[in-house]
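Here is the structure we will look at, set down as structure tokens.
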Amino acid sequence: MHVLRTLTENRVWRSIVRHGVRPTNRNRVLLITENVFLHLHAAKARRRNLDLSSTYYLGGLALILFGVLIVTGFLLMLYYHPSVPQAYDDMKELQFVVSNGPFLRNMHRWAAHAMVFVVFLHMLRVFYHRAFRPPREFNWAVGVVLLILTLLLSYTGYLLPWDQLALWGVSVGTNMVNAMPILGRQVRFLLLGGNIVGENALLRFYVLHCVLLPLGLVLGLAVHLWRVRKDGGVLGSAGRRRPSGVNTP
Amino acid sequence: MEPSSDARAVPKRVALIRRQAPARLLEDRQELVTTAPHLLLREVILIEVVVTVLALVSLLFDAPLEEIADPYHTPNPAKAPWYFLGLQELLHYFPPVVAGALMPALAVIALVVIPYFRVNVEVAGLYERPWKRRLIILTAVTAVAAGLLVAKRVWPMLVPTVAIYLLLSLPAMPFCPAGVRRRLGRVPLADWIMTWFVAVAVILTLIGILFRGPQWAWTWPWRDGVY
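From first to last, the protein sequence lines are chains A and B. Using the numbering used here, you'd call the opening residue of the first sequence number 1 and step up by one each time. Using the numbering used here, you'd call the opening residue of the second sequence number 1001 and step up by one each time.
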């Protein structure tokens, strides 16, 4: 305790964290409001919303998985060249040369699948709890955009290993774009940089996967979380409770 | 609003709702706790659990890696990632413009507009309000949809559609036991519709993942494996 006090009561510490560590309610509030990252939270939360059955922590889970994906994705970028056939050789390199390479790739892959699944579950949770009701209608729409961005991120990443699975999985999907009325062919050409899934497509998917889509997701997330905060925090299972008067047997 | 003299008390919020205003949630007075440490601690634990589970899974299961991409050698069947296999399964029944463009577009639009329809906001069960007219409309819609699905032989969509409709209309049947009637009668209409959507999506996706082999023909995963 003495060490902690000397550590947290000298000038240098106080210049970084202005409030002390004594467990007063004031310090607990300041810890949130004085911190750029934590101030996404309100200083106080409804106790009920901390229960597992209130939100199942699904939104938080999705956010954590996205964090894991950013960290592992950044590390994977250090070993990857988006060109044919180097992309596939890099996979083999990850498998046999890079220390813990397979672990890194596995982590990214499974986190990506998990994120798609969790984001979908999060949407269902919000629906069945009626957590989209006014004034949160627009944030639901933002959430749908985030779901689509998540699918697109996962899908563009699917091509990057440049194996048979990647090539044909993406071919099947982009053939569906062809079916889009009027602009289908043009959109597909724009997406692939040609008429087949080739090296141009690999480069475009790489840029989408590593720059454009993550930026879009982070932006959308900022809006999503900001609005949750502004609307008074998450609406958990309380959203489902019947207002008095409607509760007829 | 009168400021409370007791600093520990949660201030009571009062809202004035005019008649034409949209339905807003009447938030009860709820116990508040400080975010630090109550919420932060839970978040830290959640991060640790997620990373640990992911690390364990990554140690045990390897991400798939097949031969190098070869545009001259098409695998049979060529499958999209699992989350698109529901759509790919639809492609088996409908022309590409319907399965690949129209239906996904409709699904996204339907999702976006959910909060703007009153029926989705109400929490009263289908049978807790005047329900006869609604049931007639639902029966008509289901009959038309089922007819189309039979004509197109879309069994994976027909089965959940009929099943959900039977469950939904069960409380209206005279032979329905009182307990079941009370339980099912409490389910709001919006929940029935969403559950139908989820059931269709899950069944189509599972069929696409497990039960489709070469030429997109039906296979049994326990006999032929998963393609």
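Even for Gly, the Cβ is constructed at its ideal location relative to N, Cα and C.
| Check | Outcome |
| --- | --- |
| Neighbour flag for phenylalanine 1061 (chain B) against chain E, beta carbons, 8 Å | Within the model displayed, chain E is absent; protein chains A and B are what it includes. |
| Minimum Cβ-Cβ distance from methionine 1194 (chain B) to chain A less than 8 Å | yes |
| Among B:Met1194, B:Pro1214, B:Pro1081, B:Pro1130, nearest to alanine 1107 (chain B) - alpha-carbon criterion | B:Met1194 |
| Segment contact flag, the stretch 1151-1160 of chain B with the stretch 1092-1105 of chain B, C-beta cutoff 8 Å, min 3 pairs | yes |
| Segment contact flag, the stretch 1058-1066 of chain B with the stretch 160-171 of chain A, C-beta cutoff 8 Å, min 3 pairs | yes |
| Three-state secondary structure (DSSP) of aspartate 231 (chain A) | coil |
| Minimum Cβ-Cβ distance from proline 1219 (chain B) to chain A less than 8 Å | Just to set this straight, residue 1219 (chain B) is threonine in the shown sequence, not proline. No, threonine 1219 (chain B) lies away from the interface with chain A (no Cβ there is under 8 Å from its Cβ). |
| Cβ pair valine 1044 (chain B), alanine 45 (chain A) closer than 8 Å | no |
| Three-state class that DSSP yields for aspartate 163 (chain A) in the structure shown | strand |
| Short Cβ contact (8 Å threshold) for leucine 1039 (chain B) with leucine 50 (chain A) | yes |
| As assigned by DSSP and simplified to three states, the class of tryptophan 1192 (chain B) | helix |
| Where glycine 236 (chain A) falls, given that 16 or more other Cβ within 10 Å makes a residue buried | buried |
| Min CB distance aspartate 163 (chain A) to chain B below 8 Å | yes |
| Chain-ordered chain A contacts of valine 1112 (chain B) [CB-CB under 7 Å] | Ala141, Val144 |
| Of the listed residues A:Ala141, A:Gly143, A:Asn139, A:Val172, nearest to tyrosine 253 (chain A) (C-alpha basis) | Only positions 1 to 249 of chain A appear in this structure, which leaves residue 253 (chain A) out of reach. |
| Cβ shell of tryptophan 140 (chain A) (< 6 Å), same chain only, five flanking positions each side left out | Phe132 |
| Residue interval of the alpha helix (DSSP H) (run including arginine 46 (chain A)) | Per DSSP, arginine 46 (chain A) belongs to no alpha helix (DSSP H); it is in the beta strand (DSSP E), 44-46. |
| Residues near arginine 1153 (chain B) in its chain [Cβ-Cβ closer than 8 Å; skip 5 each side] | Tyr1093 |
| Leucine 1032 (chain B) - partner residues in DSSP beta bridges | A:Arg46 |
| C-alpha distance - valine 228 (chain A) paired with leucine 219 (chain A), whole-angstrom precision | 14 Å |
| Beta-carbon spacing of leucine 1204 (chain B), leucine 1126 (chain B) below 8 Å | no |
| 8 Å CB neighbourhood of phenylalanine 66 (chain A) in its chain, flanking five on each side removed | Met115, Leu217, Leu221 |
| Chain-ordered neighbours of alanine 43 (chain A) on chain B, where CB pairs are closer than 9 Å | Thr1034, Thr1035, Ala1036 |
| DSSP three-state assignment for valine 1226 (chain B), whether helix, strand or coil | coil |
| Residues near proline 249 (chain A) in its chain [Cβ-Cβ closer than 7 Å; skip 5 each side] | Note that proline 249 (chain A) has pLDDT 37, beneath the 50 cutoff, so the model's placement of it is unreliable and the number below is only indicative. No residues qualify anywhere along the chain. |
| Among A:Met176, A:His224, A:Trp110, A:Tyr158, nearest to proline 1081 (chain B) - alpha-carbon criterion | A:Tyr158 |
| Local conformation of tryptophan 1218 (chain B) per DSSP, three classes | strand |
| Check whether leucine 58 (chain A) and histidine 122 (chain A) have beta carbons under 8 Å apart | yes |
| Coarse secondary structure for arginine 1212 (chain B), derived from DSSP in three states | strand |
| Helix, strand or coil at isoleucine 1068 (chain B) according to DSSP, with G and I counted as helix | strand |
| Segment contact flag, the stretch 199-217 of chain A with the stretch 69-85 of chain A, C-beta cutoff 8 Å, min 3 pairs | yes |
| C-beta neighbour in chain B for glycine 60 (chain A), strict 8 Å | yes |
| Cβ-Cβ distance between leucine 263 (chain A) and proline 1077 (chain B) below 8 Å | Absent from the structure is residue 263 (chain A), since the part of chain A shown begins at 1 and ends at 249. |
| Inter-residue Cα distance where the pair is valine 1150 (chain B) and alanine 1143 (chain B) | 10 Å |
| Proximity below 8 Å, CB of glycine 1185 (chain B) to CB of glutamate 1128 (chain B) | yes |
| Simplified DSSP state of phenylalanine 138 (chain A), which is helix, strand or coil | helix |
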